[in-house]
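Asks:
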Amino acid sequence: MKRAPSWILIVVIALSLLNVGPALAKEADRYPMKNVEIIVSVSAGGTPDVMTRLAAEWLAKHWGKPVSVINKPGGGAIPGALEVLNANADGYTVGTITSQNSSQQHGANKKPPLDVAKPVYVARVFDVDLVLTVNAKSEWTDIKTFSKWAVANPDKLVWANTGTVSTASFATAEWYARIGGDISKTRMMTTAGGSESAVKLAAGNCVMNFGDFLGSASMVRAGKVRYLATSAKKRNPYFPDVPTMEENGITGLSVGMWIGFIMPQGTPDFVVKEWDTAIRKMIVDEGFLKKLANVSGRTAYLNSADFRNLIMREGATYTTLAEKLGVRK
Amino acid sequence: MADSFGMLIQGFAQALSPMNLVMAATGTLIGTLVGVLPGLGSASAIAILIPVTAVLDPTQAIIMLSGIYYGAQYGGSTTSILLNIPGETASIPTCLDGHPMAKQGRGGPALGISAIGSFSAGILGVFGLAFFAPLFAEQALQFGPPEYFALMILSLGIIVNFSGEYVIKGFIMGVLGYILSMVGMGITTGLPRLTFDSMALARGFDSIAIIVGLFAIPEVLKGMEEKVVAISTEDIGSVYPGRPDLKRSFWPIMRGWAIGFFLGLLPGCSPVVSTFMSYDVERKVSRHPEEFGHGAIEGVAGPEAANNANSQAGFIPLFSFGIPASPALAVLLAGLMIYGLQPGPMLFQQEGGFVWTVIASMFIGNAMLVVFNLPFIGLWVKITRIPYGILGPVILFLCVIGAYSSRNSLFDVYTMIVFGVGGYLMQKYEWPIVPLVLCFILGPTLERAWIQSMSMSRDSLLVFVQRPVSCGILILTIVLILLSAKMMKRTKKLVVAAAGDDVSLSD
Amino acid sequence: MKSRPLGFDHAVAVIMLVVGVICLFEAMRLLPFSNSLLSGDHALPGITGAAMIILGLILFFTTEARSIRVRFPERPVVIRLVVILGILTIYSISIKPLGYLLPTGLCGIPLFRMFGGYTWGRCTAISIICTAGLYTVFVFGLGMSFPRGLF
Numbered sequence: 078m079k080r081a082p083s084w085i086l087i088v089v090i091a092l093s094l095l096n097v098g099p100a101l102a103k104e105a106d107r108y109p110m111k112n113v114e115i116i117v118s119v120s121a122g123g124t125p126d127v128m129t130r131l132a133a134e135w136l137a138k139h140w141g142k143p144v145s146v147i148n149k150p151g152g153g154a155i156p157g158a159l160e161v162l163n164a165n166a167d168g169y170t171v172g173t174i175t176s177q178n179s180s181q182q183h184g185a186n187k188k189p190p191l192d193v194a195k196p197v198y199v200a201r202v203f204d205v206d207l208v209l210t211v212n213a214k215s216e217w218t219d220i221k222t223f224s225k226w227a228v229a230n231p232d233k234l235v236w237a238n239t240g241t242v243s244t245a246s247f248a249t250a251e252w253y254a255r256i257g258g259d260i261s262k263t264r265m266m267t268t269a270g271g272s273e274s275a276v277k278l279a280a281g282n283c284v285m286n287f288g289d290f291l292g293s294a295s296m297v298r299a300g301k302v303r304y305l306a307t308s309a310k311k312r313n314p315y316f317p318d319v320p321t322m323e324e325n326g327i328t329g330l331s332v333g334m335w336i337g338f339i340m341p342q343g344t345p346d347f348v349v350k351e352w353d354t355a356i357r358k359m360i361v362d363e364g365f366l367k368k369l370a371n372v373s374g375r376t377a378y379l380n381s382a383d384f385r386n387l388i389m390r391e392g393a394t395y396t397t398l399a400e401k402l403g404v405r406k
Numbered sequence: 003m004a005d006s007f008g009m010l011i012q013g014f015a016q017a018l019s020p021m022n023l024v025m026a027a028t029g030t031l032i033g034t035l036v037g038v039l040p041g042l043g044s045a046s047a048i049a050i051l052i053p054v055t056a057v058l059d060p061t062q063a064i065i066m067l068s069g070i071y072y073g074a075q076y077g078g079s080t081t082s083i084l085l086n087i088p089g090e091t092a093s094i095p096t097c098l099d100g101h102p103m104a105k106q107g108r109g110g111p112a113l114g115i116s117a118i119g120s121f122s123a124g125i126l127g128v129f130g131l132a133f134f135a136p137l138f139a140e141q142a143l144q145f146g147p148p149e150y151f152a153l154m155i156l157s158l159g160i161i162v163n164f165s166g167e168y169v170i171k172g173f174i175m176g177v178l179g180y181i182l183s184m185v186g187m188g189i190t191t192g193l194p195r196l197t198f199d200s201m202a203l204a205r206g207f208d209s210i211a212i213i214v215g216l217f218a219i220p221e222v223l224k225g226m227e228e229k230v231v232a233i234s235t236e237d238i239g240s241v242y243p244g245r246p247d248l249k250r251s252f253w254p255i256m257r258g259w260a261i262g263f264f265l266g267l268l269p270g271c272s273p274v275v276s277t278f279m280s281y282d283v284e285r286k287v288s289r290h291p292e293e294f295g296h297g298a299i300e301g302v303a304g305p306e307a308a309n310n311a312n313s314q315a316g317f318i319p320l321f322s323f324g325i326p327a328s329p330a331l332a333v334l335l336a337g338l339m340i341y342g343l344q345p346g347p348m349l350f351q352q353e354g355g356f357v358w359t360v361i362a363s364m365f366i367g368n369a370m371l372v373v374f375n376l377p378f379i380g381l382w383v384k385i386t387r388i389p390y391g392i393l394g395p396v397i398l399f400l401c402v403i404g405a406y407s408s409r410n411s412l413f414d415v416y417t418m419i420v421f422g423v424g425g426y427l428m429q430k431y432e433w434p435i436v437p438l439v440l441c442f443i444l445g446p447t448l449e450r451a452w453i454q455s456m457s458m459s460r461d462s463l464l465v466f467v468q469r470p471v472s473c474g475i476l477i478l479t480i481v482l483i484l485l486s487a488k489m490m491k492r493t494k495k496l497v498v499a500a501a502g503d504d505v506s507l508s509d
Numbered sequence: 118m119k120s121r122p123l124g125f126d127h128a129v130a131v132i133m134l135v136v137g138v139i140c141l142f143e144a145m146r147l148l149p150f151s152n153s154l155l156s157g158d159h160a161l162p163g164i165t166g167a168a169m170i171i172l173g174l175i176l177f178f179t180t181e182a183r184s185i186r187v188r189f190p191e192r193p194v195v196i197r198l199v200v201i202l203g204i205l206t207i208y209s210i211s212i213k214p215l216g217y218l219l220p221t222g223l224c225g226i227p228l229f230r231m232f233g234g235y236t237w238g239r240c241t242a243i244s245i246i247c248t249a250g251l252y253t254v255f256v257f258g259l260g261m262s263f264p265r266g267l268f
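Listed in order, the protein sequences are those of chains A, B and C. In the working numbering, each residue carries its 1-based index in the first sequence increased by 77. In the working numbering, each residue carries its 1-based index in the second sequence increased by 2. In the working numbering, each residue carries its 1-based index in the third sequence increased by 117.
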């Protein structure tokens, strides 16, 4: 052991270097001090993912610290969201939440896997309009004729969704109930996501798909799929030619989709505040809005308290809706 | 087509501008690095770099990002061949013969042929993308749930060939793979399945943790047990494949390309299917199937070509319809959209300059990859001569990183260790591992395709035989299984004749 | 080199039977949530569960016909293998409370010792170099996020 002194020295130096921790200044002033992770519970390329990536890019520039987006898809977007809730409440793990894995799953389950009272709601940031699409080769060019056909032929109505508890399911079920059909007589086709739903529709494997505009935009441009009508109250600014359901006499549709951010219970207030400030700057930033327009995105800011109220309100609505539609389990 | 050719020439003129060349070089180099290092997939690399490329113009950014994507396929074979660590499931077939080659001191030719195979398949793939994209994309769209289901059944037929001597063990492992793949949330209802109320299990098992556990850990333990001094103590010899190697590899590369390219057109069809299928085909057509598993160069050339052709073909549905065929392409799609480039047939017309420049850059990038990679081979091969006392623990550390990083979860590291012990015991008792991994990967696709088919047909099983394509694939499956059974008898005889002993085919 | 008669496959067969039964129970639990017998979350658990039970039974009753001689290494090597797996387990458990750097550096020392049989001093030096390299490439260079731990 001739060399003992030198290696002991190395260890001592290495250990002492490790001990120079970053806990020198008050954490609140320095947040974020390192990489922030945003967990998206759907697959990459989906609408919530693209919106989150845009926000992450802007926030990273704003804070001068990396903001990475991690996809944890599958299981009706629940496991990803649960992971956020189980993460360290230090403000470095943030989750993207949508109506699907908050209020809708609350409504659809007697014992919801995700307790909507639990998360710290940061802010709602985006709103996504839903649109009913059919195959472009089909005979239907307007929502009225399609609705009439759909009510008359429940046995032929195969509709795409991304799981029984998904925006597509609720939107389809609500629309079908409004036009007087019985959803239990139809068949659903579960896909891995909006992109796959568009493919299945284009191939004629299913008859209709209720999804967001962006998910089937490429397919529509390619002449494979046709937008019939949006369930939103107003026409979408990026797709002004697509009529609303309301214009066609189908009223009272409430199922929607939005995207916001959550954090684990116990996340310090200063983190939420910093996020809120940053988001409010982001949604008026011109460069950001230009990029958002590229993906046909719309901002719909709600602060932490309003966001929580919205989810509680929607949770109750979806519970009644799910019971009425027979999907509450 | 003449029109396309003219556009491609223009694309080359653009792609050869200094800035675009730099972007292609940067992208492919990062891609190679990402591929070589276990634990970082091209999807996360692209996702990390999208914001960084925001300062570039869209064409340059996409040239670089796609360079990362196809560059990673080149690097991916390195750890498989030299260390027997498949960085992703699609690389497992490369391990089967690549690593025995490395142990015999033929790591250089193995790496060389994998680079050449990737290059040829890449170039042919880009060619298909340039001239036949709309045609292929249209056809791929017709591939519905029953066809996917039939394709998954065909992949199952392959299990028989990876089951070793005792087929029932292969089946048990395969079924176990399915069961493991079901752990987590149910795909339609979103209700937990086989999770025993555990939060960690609710997300299911991660494929990287499982393959690293089953392949790499037992490999390290075996090395320790056999008191290996270094992976290869043989003289390295030539680091490049010689003329006979090239000759033996020509048709495997072509077949691998064809398999990889056509399966790559199908979104949602895992590249695993194409690499395993290519390996299986090579073993079937080979005149010396007994060499497979013991360093047959065809077993490296075919799957590597298939893997790269698969990744190039993925650009066709991406550019034509905005359908991402893999997680990495989904991230690339997000990048395209953020830059305001909307995929679709209109992309070729409206943004023709962009599309053709990117396609031309892919030709250039593939050429660059070979030029960059061949000189590195000598360096990589030296890894196999590092004393095992140092390399062993380093591999273990890399395994931990690999298992952890794919989902940033320590649960996956524990999973890896448990599967490592299991894998070690399974190898000792001659239980085949490949069927488990294959079924684990394909399980969700199979289940979804089954449920979707049942939705389409309103619970009629006839849907699989009424549709010509799915019926054809199912018939092919039966033929292949019968052929495999015959082949296995033949191989066993050959092996027994060669070794004069009862040798298992499972390792 | 020791040889022992085969009992492993029987054990596996029994475990697989249990797994099969569990799958069937899951299938029965999920059946009411599906809207048809053939499609839904219960279908694959049901099929695989049944298959597993059949395969497990076949294995249990046919495996005696074969006798593989499994060679286990000598005792000291087995002990070393167990120690290595132990270190690996301790290592992965300690990352959460201690972060990446410290456990890697500390667990590297006995690992290098187990594999290479170098002197403790050399093992420490190799471990520090190795840890620094891994940290530079993966955490610093590629931005991987390990738990921060105490520091």
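Beta carbons are placed, not taken as given, at the ideal position from N, Cα and C, and that holds for glycine.
(1) So, at 6 Å on beta carbons, what are the nonlocal neighbours of residue 317 of chain B in its own chain, with the 5 sequence-adjacent residues on each side left out?
(2) Tell me where the alpha helix (DSSP H) around residue 104 of chain B begins and ends.
(3) Indicate whether at least one CB of chain C lies closer than 8 Å to the CB of residue 78 of chain B.
(4) To the nearest angstrom, how far is the alpha carbon of residue 82 of chain A from that of residue 246 of chain C?
(5) Who are the Cβ neighbours of residue 366 of chain A in its own chain at under 8 Å, not counting the five residues just before and after it?
(6) Between the Cα of residue 114 of chain A and those of A:157, A:178 and A:260, spot the shortest distance and give me the residue it belongs to.
(7) Is there a C-beta anywhere in chain A that falls below 8 Å from the one on residue 125 of chain C?
(8) Show which residues of chain B have a CB atom less than 7 Å away from the CB atom of residue 165 of chain C.
(9) Is there a Cβ from chain C that is less than 8 Å from the Cβ of residue 406 of chain A?
(10) Thinking C-alpha only, which one of A:301, A:240, A:371 and A:259 is nearest residue 150 of chain C?
(11) What are the uninterrupted segments assigned as beta strand (DSSP E) that are 3 or more residues long and contained completely in the stretch 387-467 of chain B, given in chain order?
(12) Please go through the same chain and pick out, in chain order, the residues whose beta-carbon is closer than 8 Å to the beta-carbon of residue 217 of chain C, but skip the five residues on each side of it.
(13) Which residue wins for smallest C-alpha separation from residue 229 of chain A, given the options A:258, A:206 and A:244?
(14) Is the beta carbon of residue 132 of chain A less than 8 Å from the beta carbon of residue 341 of chain A?
(15) Which residues in the same chain as residue 388 of chain A place their Cβ atom closer than 6 Å to its Cβ, once the five residues preceding and following it in sequence are excluded?
(16) Are the CB atoms of residue 255 of chain A and residue 207 of chain A nearer to each other than 8 Å?
(17) Report the rounded CA-to-CA distance for residue 11 of chain B versus residue 243 of chain C, giving the unit in angstroms.
(18) Is the Cβ of residue 438 of chain B closer than 8 Å to any Cβ of chain C?
(19) In chain C, what lies closer than 9 Å to residue 150 of chain B by C-beta?
(20) Can you pull the chain C neighbours of residue 60 of chain B, defined as C-beta to C-beta under 8 Å?
(21) Taking 8 Å as the cut-off, does the stretch 303-320 of chain A touch the stretch 214-221 of chain A (at least 3 CB pairs, one atom from each stretch)?
(22) What residues of chain A sit near residue 150 of chain C, judged by a beta carbon separation below 7 Å?
(23) Tell me the rounded alpha-carbon separation between residue 316 of chain A and residue 341 of chain B.
(24) With C-beta atoms as the reference, is residue 278 of chain A less than 8 Å away from residue 212 of chain A?
(25) Taking the alpha-carbon positions, what's the residue 160 of chain B to residue 198 of chain C distance?
(26) Using the beta-carbon of each residue, which ones in chain B are nearer than 8 Å to residue 162 of chain C?
(27) Helix or strand or just coil, what does DSSP make of residue 269 of chain B?
(28) Is it true that the CB of residue 177 of chain A sits closer than 8 Å to the CB of residue 243 of chain A?
(29) Indicate whether at least one CB of chain B lies closer than 8 Å to the CB of residue 273 of chain A.
(30) Does residue 102 of chain A get closer than 8 Å to chain B when you measure Cβ to Cβ?
(31) Any C-beta of chain B within less than 7 Å: which residues of the stretch 228-241 of chain C qualify?
(32) Counting contacts by CB-CB distance shorter than 8 Å, is residue 176 of chain C in contact with chain B?
(33) Can you pull the chain C residues whose beta carbon is under 9 Å from the beta carbon of residue 423 of chain B, in chain order?
(34) Classify residue 183 of chain A as buried or exposed, calling it buried when 16 or more other Cβ atoms lie within 10 Å of its own Cβ.
(35) Compile a chain-ordered list of the residues in the stretch 213-229 of chain B whose CB is closer than 7 Å to at least one CB of chain C.
(36) Threshold first: 4 residues or longer. Then list the alpha helix (DSSP H) segments lying entirely within the stretch 303-377 of chain B, N to C.
Replies: Taking the coordinates as given:
(1) Along the second sequence, read from residue 1 onward, the residue named residue 317 of chain B stands at position 315. Closer than 6 Å at Cβ, skipping near neighbours: 131.
(2) Residue mapping note: residue 104 of chain B aligns to position 102 of the second sequence, counting from 1. Here the alpha helix (DSSP H) through residue 104 of chain B covers 94-105.
(3) Taking the second sequence and counting its residues from 1, the one referred to as residue 78 of chain B is at position 76. No, its Cβ sits nowhere closer than 8 Å to a Cβ of chain C.
(4) What you label residue 82 of chain A is simply residue 5 of the first sequence in a count that begins at 1. What you label residue 246 of chain C is simply residue 129 of the third sequence in a count that begins at 1. Bear in mind that the predicted position of residue 82 of chain A carries a pLDDT of just 49, short of 50, making it too unreliable to give a figure here.
(5) Residue mapping note: residue 366 of chain A aligns to position 289 of the first sequence, counting from 1. Here the set comprises 360 and 376.
(6) In the first sequence, counting from the first residue as 1, residue 114 of chain A sits at position 37. The shortest C-alpha separation from residue 114 of chain A is found at A:157.
(7) Walking along the third sequence from the start, residue 125 of chain C turns up at place 8. Put simply, the CB of residue 125 of chain C is far from chain A, with every gap to its CB atoms at 8 Å or more.
(8) The residue labelled residue 165 of chain C in the question sits at position 48 within the third sequence. Those within 7 Å of residue 165 of chain C in chain B are 177, 180 and 181.
(9) In the first sequence, counting from the first residue as 1, residue 406 of chain A sits at position 329. Interface with chain C (8 Å Cβ-Cβ cutoff): residue 406 of chain A is included.
(10) Along the third sequence, one-based indexing puts residue 150 of chain C at 33. Among A:301, A:240, A:371 and A:259, the Cα nearest to that of residue 150 of chain C is on A:240.
(11) Secondary structure within the stretch 387-467 of chain B: not one fully enclosed beta strand (DSSP E) run of 3 or more consecutive residues is present.
(12) As a working mapping, residue 217 of chain C is identified with position 100 in the third sequence. Cβ-Cβ distances below 8 Å link residue 217 of chain C to 252, 256, 263, 264 and 266 in the same chain, with the five nearest sequence neighbours on each side left out; the list follows chain order.
(13) Within the first sequence, numbered from 1, the residue matching residue 229 of chain A stands at position 152. Considering only alpha carbons, the answer is A:258.
(14) Position 55 of the first sequence, counted from the start, is the residue given in the question as residue 132 of chain A. Position 264 of the first sequence, counted from the start, is the residue given in the question as residue 341 of chain A. No.
(15) Position 311 of the first sequence, counted from the first residue, corresponds to residue 388 of chain A. A distance below 6 Å between beta-carbons, with the five flanking residues on each side excluded, links residue 388 of chain A to the following residues of its chain, in chain order: 179, 180 and 193.
(16) Within the first sequence, residue 255 of chain A is the residue found at index 178, counting from 1. Within the first sequence, residue 207 of chain A is the residue found at index 130, counting from 1. Their beta carbons are not under 8 Å apart, which means residue 255 of chain A does not touch residue 207 of chain A by this criterion.
(17) Reading the second sequence from its first residue, position 9 is the one you call residue 11 of chain B. Reading the third sequence from its first residue, position 126 is the one you call residue 243 of chain C. The C-alpha of residue 243 of chain C is placed about 53 Å away from the C-alpha of residue 11 of chain B.
(18) Residue 438 of chain B sits at position 436 when you count from the first residue of the second sequence. By this cut-off, residue 438 of chain B is not an interface position.
(19) Within the second sequence, residue 150 of chain B is the residue found at index 148, counting from 1. Chain-ordered listing is empty here: chain C has no CB closer than 9 Å to the CB of residue 150 of chain B, the nearest sitting near 14 Å.
(20) The sequence position of residue 60 of chain B within the second sequence is 58, counting from 1. Using a Cβ-Cβ cut-off of 8 Å, residue 60 of chain B is close to nothing in chain C; its nearest Cβ partner there is about 24 Å away.
(21) They touch, by the three-pair rule.
(22) Here the question's residue 150 of chain C lines up with position 33 in the third sequence. Taking a Cβ-Cβ threshold of 7 Å, the residues of chain A close to residue 150 of chain C are 406, in chain order.
(23) For the purposes of this step, residue 316 of chain A is identified with residue 239 of the first sequence, where counting begins at 1. For the purposes of this step, residue 341 of chain B is identified with residue 339 of the second sequence, where counting begins at 1. Going by the C-alpha atoms only, they are around 19 Å apart.
(24) On the first sequence, position 201 is the one that residue 278 of chain A refers to. On the first sequence, position 135 is the one that residue 212 of chain A refers to. Contact flag set, yes.
(25) Along the second sequence, one-based indexing puts residue 160 of chain B at 158. Along the third sequence, one-based indexing puts residue 198 of chain C at 81. The straight-line gap from Cα to Cα measures roughly 33 Å.
(26) Translated into positions along the third sequence, residue 162 of chain C becomes position 45. Neighbours of residue 162 of chain C on chain B, chain order: 181, 184, 195 and 196.
(27) Taking the first residue of the second sequence as position 1, residue 269 of chain B is located at position 267. Residue 269 of chain B falls in the coil class under three-state DSSP.
(28) Indexing the first sequence from 1 puts residue 243 of chain A at position 166. Indexing the first sequence from 1 puts residue 177 of chain A at position 100. Taking 8 Å as the Cβ cut-off, residue 243 of chain A and residue 177 of chain A qualify as a contacting pair.
(29) Within the first sequence, residue 273 of chain A is the residue found at index 196, counting from 1. With a threshold of 8 Å between beta carbons, residue 273 of chain A makes contact with chain B.
(30) Along the first sequence, read from residue 1 onward, the residue named residue 102 of chain A stands at position 25. Note that residue 102 of chain A scores 45 on pLDDT, short of 50, meaning its location in the model is unreliable; the coordinates nonetheless yield the value given after this. Not one chain B Cβ lies under 8 Å of residue 102 of chain A.
(31) Within the stretch 228-241 of chain C, the qualifying residues are 228, 229, 232, 233, 234 and 235.
(32) Taking the first residue of the third sequence as position 1, residue 176 of chain C is located at position 59. The beta carbon of residue 176 of chain C falls within 8 Å of a beta carbon belonging to chain B, placing the residue at that interface.
(33) For the purposes of this step, residue 423 of chain B is taken as the residue at position 421 of the second sequence. The answer, in chain order, is 202.
(34) Residue mapping note: residue 183 of chain A aligns to position 106 of the first sequence, counting from 1. So residue 183 of chain A ends up on the buried side.
(35) So the close ones are 223, 226 and 227.
(36) Given a length threshold of 4 residues, each whole run of the alpha helix (DSSP H) inside the stretch 303-377 of chain B is given here in chain order: 317-323, 329-340 and 347-352.
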